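Q:
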Amino acid sequence: MKTITAIKLGITLAGVLALIVLPTLVHAGPPQYSVTVLGTAPNASETNGFGINDFGEVTGYYSAPYFQHIRDNAVRWTDTTPTNLGSIDGGSSRGISINDVGQIAGYSDTSMGTRAVRWTGTTPTNLDTLGGSDSYGYAINDSGQVAGVSSLTGNSARHAVRWTGTTPTDLGTLGGPNSGAQAINAAGTVVGSSNVTDIGSSHAFVWNGTTMTDLGTLGGAYSYGLGINASGQIIGASSLAEGFLHAVRWDGTTPTDLGTLGGWSSIAYGINDSGDITGDSFLGDNVTNVAFLYTDGVMYDLSTLLLPGSGVTGLLEPGYGNNINNLGQIVAFGFIDGQRQVLRLDPVPVPEPSSALLLIGAGWMFPLKRRRRQGE
Numbered sequence: 000m001k002t003i004t005a006i007k008l009g010i011t012l013a014g015v016l017a018l019i020v021l022p023t024l025v026h027a028g029p030p031q032y033s034v035t036v037l038g039t040a041p042n043a044s045e046t047n048g049f050g051i052n053d054f055g056e057v058t059g060y061y062s063a064p065y066f067q068h069i070r071d072n073a074v075r076w077t078d079t080t081p082t083n084l085g086s087i088d089g090g091s092s093r094g095i096s097i098n099d100v101g102q103i104a105g106y107s108d109t110s111m112g113t114r115a116v117r118w119t120g121t122t123p124t125n126l127d128t129l130g131g132s133d134s135y136g137y138a139i140n141d142s143g144q145v146a147g148v149s150s151l152t153g154n155s156a157r158h159a160v161r162w163t164g165t166t167p168t169d170l171g172t173l174g175g176p177n178s179g180a181q182a183i184n185a186a187g188t189v190v191g192s193s194n195v196t197d198i199g200s201s202h203a204f205v206w207n208g209t210t211m212t213d214l215g216t217l218g219g220a221y222s223y224g225l226g227i228n229a230s231g232q233i234i235g236a237s238s239l240a241e242g243f244l245h246a247v248r249w250d251g252t253t254p255t256d257l258g259t260l261g262g263w264s265s266i267a268y269g270i271n272d273s274g275d276i277t278g279d280s281f282l283g284d285n286v287t288n289v290a291f292l293y294t295d296g297v298m299y300d301l302s303t304l305l306l307p308g309s310g311v312t313g314l315l316e317p318g319y320g321n322n323i324n325n326l327g328q329i330v331a332f333g334f335i336d337g338q339r340q341v342l343r344l345d346p347v348p349v350p351e352p353s354s355a356l357l358l359i360g361a362g363w364m365f366p367l368k369r370r371r372r373q374g375e
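In structure tokens, the structure reads:
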């Protein structure tokens, strides 16, 4: 009888613990984030962060006085330490995307025009153009392939480009005059946007190495491909038939409307290999624009996920570069004490499920052990 009573007590305690712990395991809810303010250079008038790699390194640029004008300086942050990456011909430069090898894609002003650049360390490589005066690098994968855009000979149009080494490949268009690439994954698959027939409409595309495929829209005239992960999920934005712009995820060529945070428009900028998505959305007042995190089918106002006391207001996502990595770290910018800051948001670790299950197991065993000792 004593043993049976002890077992019942153990079951009851285990049940109580399960009610407390298991909902946390099954319905963990959204993550929370701590805030790291990235440093900047002395006398910088503006600082922007764009891309982040899986080591938490961030790239972007800061603006600072240079003789009689302001010059942009491409930068890489390791923790909170910025390193000036330099430029070609001493002009302005911007870092946009960073891979896990530490290489950075961006662009630099030169005496011949703006050029797409790949930095290895602080050494810039000029990626040249498709014959025109300008090119821009917007994304880089771990193989060092860069995706972006270049003007054609005579600057009559701009086309999406993938550079392998310093060799540019013209990805063409969906039928219209212009296209541009915004993201590339490890397989070398490129996404971006292209005019369909004329400059009056653009559609998101995916380029698989040989063919550019139209991803269509959510019923409107426009869509934009802005990010892609290792499994080929694509994110960006699309107009609806009513004209509003909504964040979208394409699985293959099937679009999913991610909705908004209550307002009329939203746009997705970054995606990691787990399918977590970042972007910006208007709230219900259609005036306030905020950063969002879309995870497990739910869109959250990212500012509500920051740990209490962060002091951050006006949180928004940069519009270039992949701003969420596979650790869940996010690049954003916001205001602290009225000063605009580049921020790295770091997920706060949660208890491992195994620890909680051990706790439940302990709830089973403790009454039994105590009862046995009393009966000895």
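Under numbering that gives the first Met the number 0, the first residue of the sequence shown is numbered 0, with each subsequent residue one higher.
Glycine included, each C-beta is placed from N, C-alpha and C at the ideal position.
Please read these numbers as outputs of a predicted model, since none were measured by experiment.
Considering only residues of the same chain and omitting the five flanking positions on each side of A156, which have a CB-CB separation below 7 Å?
A: Result list for A156: P176, N177, in chain order.
Q: Alpha carbon to alpha carbon, what distance is there between T109 and A240?
A: Between A240 and T109, the C-alpha separation is close to 42 Å.
Q: Can you have a look at I276 and say buried or exposed, based on whether 16 or more other CB atoms are within 10 angstroms of its CB?
A: Answer is buried; the Cβ neighbour count reaches 16.
Q: Please go through the same chain and pick out, in chain order, the residues whose beta-carbon is closer than 6 Å to the beta-carbon of S264, but skip the five residues on each side of it.
A: Correct list, in chain order: F243, L244, F281.
Q: Just to confirm the assignment: which complete alpha helix (DSSP H) runs, minimum length 4, are found wholly within the stretch 221-306?
A: Entirely contained in the stretch 221-306, not one alpha helix (DSSP H) run reaches 4 residues.
Q: Among N98, D71, T46, N140, which one has its Cα closest to the Cα of T113?
A: The option with the nearest alpha carbon to T113 is D71.
Q: Among Q31, I103, G219, T82, which one has its Cα closest to the Cα of I139?
A: The shortest C-alpha separation from I139 is found at I103.
Q: Using a Cβ-Cβ cutoff of less than 7 Å, which residues in the same chain neighbour T163 once the five nearest sequence positions on both sides are dropped?
A: Once the five neighbours on either side are set aside, the close Cβ partners of T163 are Q144.
Q: Let me check understanding here. Comparing Cα to Cα, which of P64, D88, Y65, G50 lies closest to V74?
A: For V74, the nearest C-alpha among the options comes from G50.
Q: Should N390 be labelled buried (16 or more other beta-carbon atoms within 10 Å of its own) or exposed?
A: Nothing can be reported for residue 390, as the shown portion of the chain is limited to 0 through 375.
Q: In this structure, how does DSSP classify T77 when only helix, strand and coil are distinguished?
A: Three-state DSSP puts T77 in a strand.
Q: Provide the residue span of the beta strand (DSSP E) that contains A43, from first to last.
A: No beta strand (DSSP E) holds A43; DSSP gives it neither H nor E.
Q: Would you mind reading off the limits of the beta strand (DSSP E) that contains L151?
A: Element bounds for L151: 145-151.
Q: On the DSSP letters alone, give me the boundaries of the beta strand (DSSP E) that Q181 sits inside.
A: 178-183 is the extent of the beta strand (DSSP E) around Q181.
Q: Are the CB atoms of L170 and T161 within a distance shorter than 9 Å?
A: Thr is not the amino acid found at residue 161; the sequence shown has Arg there. Cβ atoms of R161 and L170: closer than 9 Å.
Q: To the nearest angstrom, how far is it from the Cα of P307 to the Cα of D295?
A: Near 23 Å, if we compare the C-alpha coordinates of D295 and P307.
Q: Below 8 Å CB to CB, which residues in the same chain sit around P188 once its five sequence neighbours on both sides are set aside?
A: Per the sequence presented here, residue 188 reads as Thr, with Pro not at that position. These residues qualify, in order along the chain: V205, W206, N207, G208, I227, G231.
Q: From the DSSP output, in three-state form, read off N324 for me.
A: N324: coil per DSSP, three-state reduction.
Q: Leaving out five residues before and five after G278 in sequence, what residues of the same chain have Cβ atoms less than 7 Å from its Cβ?
A: So the list reads A246, S265, I266, A267, Y268, F291, E316, once near-sequence residues are dropped.
Q: Take A220 as the anchor and find which of G48, N83, T196 has the nearest alpha-carbon.
A: Nearest option by C-alpha distance: T196.
Q: For Y61 versus P81, is the C-beta distance shorter than 9 Å?
A: Yes, the Cβ-Cβ distance between Y61 and P81 is below 9 Å.
Q: Classify N140 as helix, strand or coil using the three-state DSSP reduction.
A: In the structure shown, N140 sits in coil (DSSP, three-state: anything other than H, G, I, E or B).
Q: Could you spell out where the beta strand (DSSP E) holding I95 opens and where it closes?
A: From DSSP, the beta strand (DSSP E) with I95 extends over 92-97.
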